[in-house]
Every structure is written in C-alpha cells, then in structure tokens.
Amino acid sequence: MNTNTVSTTHLASTNANLTRTTSNLIIQILSHLIRGFFTSKAKTATRFPKSATLFSKTATRFSKTATLLTKTATLLKNLETLPKIRETLPKKIANIKTPPPKHLFTHHTLTSKVTTLTSKRTTLTAKTHYNPPP
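Position one of the sequence shown corresponds to residue 12 (this note's numbering), numbered consecutively onward.
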C-alpha cells in the first residue's frame with residue numbers, strides 16, 4: 012500500500028473525528044448554558060423558609076451555576092484549539108515514516124547470517140571428520 016494513500020485515508024478519518032468532536036463540544040456548551048440558565052432562576056417557595064435555608068439554597072444554586080460556567084469556558088477553549096489541530100495535522104502525518112516490513116532482511120543481516128552458518132558448518136565437519144591414527 013502506498014504511503015500517501017495511507018496518510019490521506021488517515022487524514023480523512025481524523026478530519027471526520029475532529030468534525031464530530033466539534034459538534035459534540037458545541038452541543039455540550041449549549042446544554043451547559045441552557046442548564047445554567049434554568050437552574051439559576053429563583054424557585055417560588057410554598058412555605059416561608061428560614062433565612063439560613065434560603066441562603067444555603069442560593070449559595071448552592073450559584074455554585075452550580077459557577078461550575079457550569081467554568082465547564083463552558085473550558086469547552087469553548089477546547090473549541091478554539093481545534094482549528095490549530097486541523098492545520099498541524101497534515102504536517103504531522105506527512106512526517107510519519109513507515110518502517111520497512113519486519114520480514115525483509117537488510118544486506119548486513121543476511122551476510123552475517125551466512126557467515127555464521129558457514130562457520131558452524133566448518134566446525135561441524137571438523138568435529139565429524141574422523142582421522143584414524145596411523
């Protein structure tokens with residue numbers, strides 16, 4: 012398989028993943044904003060609450076809104092970095108060098124294997140060759 016074909020295919024799948032990630036981030040941001048908007052509204056109490064209870068409910072409501080806003084800010088920051096990733100991705104893929112297949116031997120390894128085999132053969136013939144005493 013051609014290296015260019017592999018990198019182009021990989022680039023296309025990565026682009027699709029980035030597009031999917033972008034749409035997911037936008038959906039998350041919108042859901043955080045909507046959730047923060049609806050939870051921050053004051054609820055009407057049926058009974059007259061004690062001031063301490065009212066304060067604690069308000070504090071938790073605002074802390075939830077604050078965490079939602081920080082999550083939204085983080086998601087927006089992630090959304091800003093996506094175009095940079097899209098720009099640098101083709102360069103990174105182009106720089107990937109595919110290693111040669113493992114079954115191919117280099118010239119050096121083949122010659123070293125041949126020399127070890129011949130040396131083993133000569134030692135075997137020397138050991139098996141029997142010279143009777145004169």
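Each residue gets a CB set at the ideal place from its N, CA and C atoms; glycine is no exception.
In whole angstroms, what is the alpha-carbon distance linking residue i and residue j?
| i | j | result |
| --- | --- | --- |
| V125 | K131 | 10 Å |
| L102 | K108 | According to the sequence shown, residue 102 is Lys rather than Leu. If I take the Cα positions, the gap works out to 12 Å. |
| T30 | T81 | 23 Å |
| T76 | K95 | 30 Å |
| S123 | I104 | 35 Å |
| E98 | S34 | 18 Å |
| T127 | E91 | 60 Å |
| T85 | I38 | 14 Å |
| L100 | S74 | 38 Å |
Below 7 Å between beta carbons: does that hold for residue i and residue j?
| i | j | result |
| --- | --- | --- |
| N106 | L36 | no |
| I45 | T83 | no |
| L79 | H43 | yes |
Less than 8 Å between C-beta atoms, sequence neighbours within five positions excluded: which residues of the same chain meet that for residue i?
| i | result |
| --- | --- |
| S32 | First, the amino acid is wrong: residue 32 is Thr here, not Ser. So the list reads L93, once near-sequence residues are dropped. |
Could you pull out every residue in the same chain whose Cβ sits closer than 6 Å to the Cβ of residue i, ignoring the five residues on either side in sequence?
| i | result |
| --- | --- |
| T129 | none |
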